[in-house]
Structures are given as C-alpha cells and as structure tokens.
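Notes to accompany the following structure.
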Amino acid sequence: MLLYFKGCTAREKLNSIEDSTIKLLNLAGIEFEELSNESCCGSVLLKTGFKDEAIEQMKKNLKDLEGTILTSCAGCYKTLKYDYKDVLGIDLDVIHISQLLDKLFEEDKLTLKDENKFKNLKVTYHDPCHLGRHGGEFEAPRNVIKRLATLIEMKNIKEQSRYCGSGGGVKSAYGDLANSIATLRIEEAEDTNADLIVTSCPFCKLHLSENSDNLEVLDLSEFVLKILKNDESLIKKESINQKED
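Start counting at 1 in the sequence shown, then tack on 9, and there's your number in our numbering.
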C-alpha cells in the first residue's frame, strides 16, 4: 500500500502541490490512499525544541502510518524516515516524491511525448536542507528535471546549497533575517539566467516565491505536471526569456 502523506504546508497553504502529486499518481496508474484526519508529522515541534510535544504528536500518528509513505514535503520526509527511528525506534518505509517520480520515469510509467519540446527551457534547482543535506538525496530531482528541460546549476548546490530561510522556525521568529537569506538565494538563481526555479519542498517553494519578483518558483510535482500537460505558459515564458537574451 502507498500512503500519500501531504504535509501541513501542501495540505493547508499550497494545495497545488497536493493536487499535482495526486494527478501524477493517477497518470502513472499508481493506487494510493490518503488520510482523512492527517495531522502534523511533528517536524516543526521537534526542530523548534518542543521535544516532548513532538514525541506525543509522533506517537499519535503511528496508528495511521502503514505501508510505504509518500511525502511531498522534505521536512516530513526527514522526520518520518529518520527522526521517528532516532526518537521512537520506529523504522518507517518512506519515499519522497522526487524519488518516486525518478523511478516512474525510469520505468516509463510517466513519459513525455515530445522529448525535445522543453529542452530550451532553463531550470535551476534549489536543494531543500531536509531532503539534501539531511536526507542525502540530491540526484533524484535533478534526474527528473534533466529528462524534461535543461538544468542550469547555481553556484552553491547539493551539500553546499544555501538555506532558503524558512525552516526550523526562522521565518516565524526572525522574519527579516529569513527574507534576507531568501533574497540571497534568489539572486544566486537569477545569476544562472534560468527561466524558473524548481524545488522539492513546500516550505522552500512558499518562502522563495514570496521573495522572488522575477523568477517563478515551482515545486517539482507542479513542474512535472505542467510539462506532461504541455503547459503553454512555460513555452511563452521560454520565448520571452530567449528574446531578452
């Protein structure tokens, strides 16, 4: 059984990530289940120092966490896969959407009819801390992007990637600092002359979007669905940027 664990940000604030993920699963013919009563995985409580409260929340979740758990959120991925094991001694089977998409393309369960149509679209990728440095996953999202468009890397990537400024309670407690950190990352992305930024974390998408005036920021699931659906807005954006060059 595949259980889609949406995460608080995708579930409550960025429904397009939830919608895109569900549509991609349906396109690939993947059967899955959802939780009607899904609650927080405990990541925010744990990362902001409320360990006792986090443990209580994590224990409440265990009765619903069965089979393979698919996450949209890098924070949920890290918490469910690593923190539940470290804190509770529970080893859950967890997969991030970037890893699943990479596998689905490899198995031809997702395909692009015209493989060259979006090759001139320049995409830069932002590594979420929880998926990258904490989870060790750098290649899966890049593999997906390179199948569909042209990947243009920023100066600081993978283990050396800049933080987006949002996670760990920084955005809530130190708003100005969080925005200044995001602005640095946006400037680095703009230096690549990419057409858009793709990331694999709703937190990163939300915060970078709020601090970007020129570059669109998409979650990987949104990006893949737009490409597979032959979204003309990406073609138009590509054409505009080529004229500016």
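Positions of the beta carbon are idealized from the N, C-alpha and C atoms, including for glycine.
Note that the structure is predicted; figures quoted are calculated from it, not measured.
Ranked by Cα distance from G51, the options E65, F232, L44 and T201 are led by E65. Per the coordinates, the alpha-carbon of G178 lies some 22 Å from the alpha-carbon of H105. When the five nearest sequence neighbours on each side are left out, the beta carbons in the same chain lying within less than 6 Å of the beta carbon of I26 are those of A19, S81, P211, D228 and S230, in order along the chain. At a Cβ-Cβ threshold of 8 Å, T88 and N129 do not count as neighbours.
The three-state reading of DSSP puts D100 in coil, since its state is none of H, G, I, E or B.
Residue environment: T30 is assigned as buried (16 or more neighbouring CB atoms within 10 Å of its CB, all protein chains considered).
Note: H105 is bridge-paired with T80 in the DSSP secondary-structure output. Boundaries for K15: no beta strand (DSSP E) harbours it, and the DSSP string shows neither H nor E there.
When the beta-carbon positions are compared, I206 and A198 come within less than 8 Å of each other. For L229, no beta strand (DSSP E) run applies; the uninterrupted alpha helix (DSSP H) run containing it begins and ends at L229 to L237, by DSSP.
Closest option to N152, judged by alpha-carbon separation, among G16, V233 and M10: V233. Within the segment 119-166, complete beta strand (DSSP E) segments of at least 3 residues are found at 131-135, given in chain order. Burial state of S48 is exposed, judged by a 10 Å Cβ sphere holding fewer than 16 other Cβ atoms. Contact annotation: L215 and K22 have beta-carbon atoms nearer than 8 Å. Here the C-alpha atom of R194 lies approximately 8 Å from the C-alpha atom of Y172. Taken in chain order, the complete alpha helix (DSSP H) segments of 4 or more residues contained in the segment 43-73 are 52-56 and 60-70. When the five nearest sequence neighbours on each side are left out, the beta carbons in the same chain lying within less than 7 Å of the beta carbon of C213 are those of H135, P137, C173 and S175, in order along the chain.
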